[in-house]
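Novice: Below is a structure I'd like to ask you about.
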Amino acid sequence: MESPLVIPVFIPHSGCPHQCAFCNQSIITSRKRCLPDPEEIDEIIGQYLRFKGNRSRVELAFFGGNFLGLPESDILWLLEKVRPYIENQSIQGIRCSTRPDTVTEQTLDLIRPHGVTLVELGVQSMADSVLNQSNRGHKSFHTRQAIGLLQAYGIQVGVQMMVGLPGDTTAQLMDSTKQISALGPDVARIYPLMVLEGSLLARWYREGSYLPLGLDQSVYLVKEMCKIFNQADVAVIRMGLQASEMMEDATRVLAGPWHPAFGHLVLSALVYDQVCEKLDAFLVLDMGNPMIEGARVIHILLRVHPRFVSRLRGDKNSNLEKLENAYPDLRFSIQTDETLMPGEMAIQKDPAWG
Ligand code: SF4
1 MESPLVIPVF
11 IPHSGCPHQC
21 AFCNQSIITS
31 RKRCLPDPEE
41 IDEIIGQYLR
51 FKGNRSRVEL
61 AFFGGNFLGL
71 PESDILWLLE
81 KVRPYIENQS
91 IQGIRCSTRP
101 DTVTEQTLDL
111 IRPHGVTLVE
121 LGVQSMADSV
131 LNQSNRGHKS
141 FHTRQAIGLL
151 QAYGIQVGVQ
161 MMVGLPGDTT
171 AQLMDSTKQI
181 SALGPDVARI
191 YPLMVLEGSL
201 LARWYREGSY
211 LPLGLDQSVY
221 LVKEMCKIFN
231 QADVAVIRMG
241 LQASEMMEDA
251 TRVLAGPWHP
261 AFGHLVLSAL
271 VYDQVCEKLD
281 AFLVLDMGNP
291 MIEGARVIHI
301 LLRVHPRFVS
311 RLRGDKNSNL
321 EKLENAYPDL
331 RFSIQTDETL
341 MPGEMAIQKD
351 PAWG
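Count the sequence shown with the working numbering and you get residues 1 to 354, in order.
Have a look at this one:
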């Protein structure tokens, strides 16, 4: 399905009851703590609509704060501000991000008539001890309750999860992902935790009581989470923070597993696992087990759709290198094949080598 053009309107920290330990939205959004002016919203919408191209759907998103934690009057004027654009059909829906503990019948009754189609919940984790250590101030039952309520109101549900939270473990993270998947959200975003200046986490990092995850470890964890979401048919729409000058600024982002193409690294890692799985089956079923026969090099041809080649190769050909290390008796070539679907892969003995 074609993804909509999303017009982000940032409301940094607005509606937040306090600052969570890892958060500094003023740095992420490059805005001071405040709501935008009505004129500014018109300006942002105008700028984005000029780049709409031939996309059929446009949504406006109030991100960077706790939308449903705002005073009712603010929620209403922000939504009313978008109404003319919905009425003239230049915008088809509104999204907002909010804390799970702000989703109540009262807040949903307030927003339902105003074209809100998707609410993104800052879930972060389903382990209460982890939520507690990050000063989230809500518990996992708020998330369960919020997702159930949104579904009952017919509003799509997005979930945002974090990797590398203080006190989290691999087992807890996978368990959180399974619990969230089972609740049936529509989309998910996964963010590796970065240490932002001005956050409580920055203090813990300087004191040495918080150590950020490494890049490889983060890619591995997000890849495993993706597998869980994929199995549950939950679309993962974002992995890692958007590349920007700010993310490269070491005075603002102090540490963390930053990579400008984090999502690509995860998708390549997923493809690597997929190749290994298919290859193992191919070696046993189609060729006997050459590892046992040993002694000769076998040339393998991997065929994929052209749009899939860079994922198959991995960052700087890292997937091919890993494959040749993992299967020292095999040599790999890649061929593009437009008849395959993106994501599909065919494995065969390379006919060029007889
Ligand atoms: S994580 Fe969300 S709720 Fe917490 S301070 Fe940041 S914007 Fe507010």
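Glycine included, C-beta positions come from ideal geometry on N, C-alpha and C.
1) Mark THR104 as exposed unless 16 or more other C-beta atoms lie within 10 angstroms of its C-beta, in which case mark it buried.
2) Drop a sphere of 10 angstroms on the beta-carbon of LYS227, count the other beta-carbons inside from all chains shown, and report buried for 16 or more, exposed for fewer.
3) Whole angstroms are fine: how far does the CA of CYS276 sit from the CA of THR169?
4) Consider the C-beta atom of CYS16 and the heavy atoms of the ligand SF4; say whether any pair is separated by less than 7 Å.
5) Any residue with its C-beta under 6 Å from a non-hydrogen atom of the ligand SF4 counts. Can you list them all in chain order?
6) Should the region 94 to 108 be called in touch with the region 148 to 164, which here means at least 3 C-beta pairs below 8 Å?
7) Taking just the CA atoms, how far does TYR327 sit from GLN47?
8) Inspect the beta-carbon positions of PRO409 and PRO192 and report whether they are closer than 8 Å.
9) To test your reading of the DSSP string, which unbroken beta strand (DSSP E) runs of 3 or more residues are found completely within the region 106 to 159?
10) Can you look up ILE292 in the DSSP assignment and give me helix, strand or coil?
11) Beta-carbon within less than 7 Å of LYS223's beta-carbon, same chain only, minus the 5 sequence neighbours each way: which residues are those?
12) If you compare alpha carbons, which of GLN124, GLN160, LYS322, GLU338 is closest to ASP273?
13) By how many angstroms is the C-alpha of LEU149 removed from the C-alpha of GLU87?
14) With 16 other CB atoms within 10 Å as the buried threshold, where does GLY53 fall?
15) Would you tell me roughly how many angstroms separate the C-alpha atoms of ARG189 and SER244, rounded to the nearest one?
16) Between the C-alpha atoms of SER333 and LEU285, what's the straight-line distance to the nearest angstrom?
17) Does VAL157 pass the burial test, meaning 16 or more other C-beta atoms within 10 Å, or should it be called exposed?
18) If you follow the beta strand (DSSP E) that TYR191 is part of, which residue opens it and which one closes it?
19) Would you grab the beta carbon distance between GLY65 and CYS20 for me? Rounded to a whole angstrom, and I think it's under 8 Å.
20) Please say whether GLU59 and ILE111 have beta carbons closer to each other than 8 Å?
21) Taking the C-alpha atoms as reference points, what is the distance between ASN132 and LEU173?
22) If you reduce the DSSP assignment to three classes, tell me which class ALA346 lands in.
23) Rounded to whole angstroms, what's the CA-CA distance from HIS138 to CYS34? Just pull it up for me.
24) Ignoring anything shorter than 3 residues, give me the beta strand (DSSP E) runs that lie fully in the region 14 to 78, in order along the chain.
25) Using CA coordinates, which residue listed in PHE62, ALA127, THR177 is at the minimum distance from MET225?
26) Taking the C-alpha atoms as reference points, what is the distance between PRO212 and SER97?
27) Output needed for ILE292: all residues of its chain with C-beta closer than 6 Å, excluding positions within five of it in sequence on either side, in chain order.
28) Taking only the alpha-carbon atoms, compute the straight-line gap between LEU121 and GLN145 and give it to the nearest angstrom.
29) Can you tell me whether DSSP reads SER199 as helix, strand or coil?
30) Under 8 Å between the Cβ atoms of GLU207 and ASN24?
31) Leaving aside the five residues before and after ALA61 along the sequence, list all residues of the same chain whose C-beta is less than 6 Å from its C-beta, in chain order.
32) Which of the three DSSP states, helix, strand or coil, is assigned to PRO328?
Specialist: Let me lay it out:
1) exposed
2) exposed
3) 26 Å
4) yes
5) HIS13, CYS16, GLN19, CYS20, CYS23, GLN25, GLY65, ASN66, ARG99, GLY122
6) yes
7) 51 Å
8) The structure shown does not extend to residue 409, since the chain spans only 1 to 354, so no value can be given for it.
9) 116 to 124
10) Because the pLDDT at ILE292 is just 48, under 50, the model does not fix this residue reliably, and the point stays unresolved.
11) VAL266, ALA269, LEU270
12) LYS322
13) 27 Å
14) exposed
15) 18 Å
16) 20 Å
17) buried
18) 187 to 192
19) Not confirmed; about 12 Å, so no contact.
20) no
21) 15 Å
22) strand
23) 23 Å
24) 58 to 63
25) THR177
26) 25 Å
27) Only weak support is given to the placement of ILE292: the predicted model assigns it a pLDDT of 48, under 50, and the value that follows is read from those uncertain coordinates. For ILE292, where only same-chain residues beyond five positions count, there are no Cβ hits under 6 Å.
28) 11 Å
29) coil
30) no
31) VAL6, PRO8, ARG95
32) coil
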